[in-house]
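In the numbering used here, the protein residues as written are 2 to 188. For reference, the structure discussed in these notes is given below.
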Amino acid sequence: QRSDYFLMYRLLTYKTDWNMAFYHLAYQYTPYNPYYGYSSQSILYQNIGTNIEASNPISRFARFDTGLDFNHIIKSRISILQDQSNPQYYDEEISHINSFSTLIPSIKYIWDNAIWSYTHPVEGLRYYVKYRTSPGINEKSLTFHSATIDFRKYYRLINGISIAGRLFGGKNWGSDAQKFRLGGVPW
Numbered sequence: 002q003r004s005d006y007f008l009m010y011r012l013l014t015y016k017t018d019w020n021m022a023f024y025h026l027a028y029q030y031t032p033y034n035p036y037y038g039y040s041s042q043s044i045l046y047q048n049i050g051t052n053i054e055a056s057n058p059i060s061r062f063a064r065f066d067t068g069l070d071f072n073h074i075i076k077s078r079i080s081i082l083q084d085q086s087n088p089q090y091y092d093e094e095i096s097h098i099n100s101f102s103t104l105i106p107s108i109k110y111i112w113d114n115a116i117w118s119y120t121h122p123v124e125g126l127r128y129y130v131k132y133r134t135s136p137g138i139n140e141k142s143l144t145f146h147s148a149t150i151d152f153r154k155y156y157r158l159i160n161g162i163s164i165a166g167r168l169f170g171g172k173n174w175g176s177d178a179q180k181f182r183l184g185g186v187p188w
C-alpha cells in the first residue's frame with residue numbers, strides 16, 4: 002500500500018504516438034507536535050490511476066496532445082499498536098476513511114523548435130497551451146476547469162551551455178479549483 006510504481010507502454014510506430022500508463026502513488030503523513038513528538042497515527046493517501054495519451058503532429062514544429070486520466074484516491078488512517086510486553090515490537094492497523102474517483106480529459110497545443118544537446122535544449126523556443134477539466138463523474142468527484150500556458154526560450158552561450166527564460170500562467174475555476182503556488186503547480 003505504501004509503494005510507488007509506474008508502468009508505461011508507448012506505441013510509436015504510427016503517425017499518432019500513443020502512451021498508456023498505470024500507476025500507484027502513496028503519500029504518508031505523520032503529524033508532529035513539538036511538545037509530544039510524532040503521533041501514533043498517520044494518514045495514508047493512495048492515488049491509483051490510469052492514463053492514455055495521443056500525440057498527433059500537424060507540422061514539423063507543432064502538435065496536438067489529447068489525454069484521459071482516471072484516478073481513484075483513497076484516504077486511510079494507520080494506527081500503531083504497541084506490544085505492551087515488548088515495546089520494540091508493534092503492529093499496524095489500517096482503517097479506511099474515504100475515497101473518490103475522478104476523470105480528467107485534456108487537450109494541449111504544442112509548438113517546439115528547440116535544438117537539443119545531450120540532455121537539455123540549447124537554443125530555440127517551446128510553448129504550449131493546455132486545457133483540462135474534471136466533469137464530476139459522481140457526487141464525490143472533483144469538478145474543475147484549468148487553462149495553462151507555458152513559454153520557454155533557450156539561448157546558446159558556448160560549448161553546449163545555454164540559458165533559458167520561462168513564463169508560466171494559468172487559471173483554474175470550478176467548485177474544486179486548484180491553486181497555483183510559487184515554485185510550480187500543485188501535484
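Note that beta-carbon positions come from the ideal geometry of N, C-alpha and C, so glycine has one too. Quantities reported herein were computed from a predicted structural model and do not represent experimental measurements.
**OP:** May I ask which residues mark the beginning and end of the beta strand (DSSP E) holding residue 46?
**Re:** Stepping through the sequence shown from its first residue, residue 46 is reached at position 45. Where residue 46 is concerned, the enclosing beta strand (DSSP E) stretches over 42-58.
Original post:
Should residue 108 and residue 64 be called a contact, given that it needs their Cβ atoms to be closer than 7 Å?
Top reply: Walking along the sequence shown from the start, residue 108 turns up at place 107. Walking along the sequence shown from the start, residue 64 turns up at place 63. No, the pair does not count as a contact, with Cβ atoms beyond the cut-off.
**OP:** Take the Cβ of residue 50 as the centre, count every other Cβ of all protein chains shown within 10 Å, and call the residue buried at 16 or more, exposed below.
**Re:** The residue given as residue 50 occupies position 49 in the sequence shown. Residue 50 is buried by the Cβ-count criterion.
Original post:
For residue 65, which residues does DSSP report across the bridge?
Top reply: Here residue 65 refers to the residue found at position 64 when the sequence shown is read from its first residue. BP columns for residue 65 point to 57 and 110.
Original post:
Nearest-angstrom Cα distance between residue 121 and residue 5?
Top reply: Here the question's residue 121 lines up with position 120 in the sequence shown. Here the question's residue 5 lines up with position 4 in the sequence shown. When rounded, the distance between both Cα atoms is 27 Å.
Subject >> residue 152 beta carbon less than 7 Å from that of residue 177 >> reply: On the sequence shown, residue 177 is found 176 positions in, with the first residue counted as 1. On the sequence shown, residue 152 is found 151 positions in, with the first residue counted as 1. Taking 7 Å as the cut-off, the Cβ atoms of residue 177 and residue 152 do not count as close.
**OP:** Report the three-state DSSP secondary structure of residue 83 (helix, strand or coil).
**Re:** Position 82 of the sequence shown, counting from 1, holds the residue named residue 83. Strand, per DSSP.
Original post:
If you draw a straight line from the C-alpha of residue 85 to the C-alpha of residue 53, how long is it?
Top reply: Along the sequence shown, read from residue 1 onward, the residue named residue 85 stands at position 84. Along the sequence shown, read from residue 1 onward, the residue named residue 53 stands at position 52. Taking the straight line from one Cα to the other gives about 50 Å.
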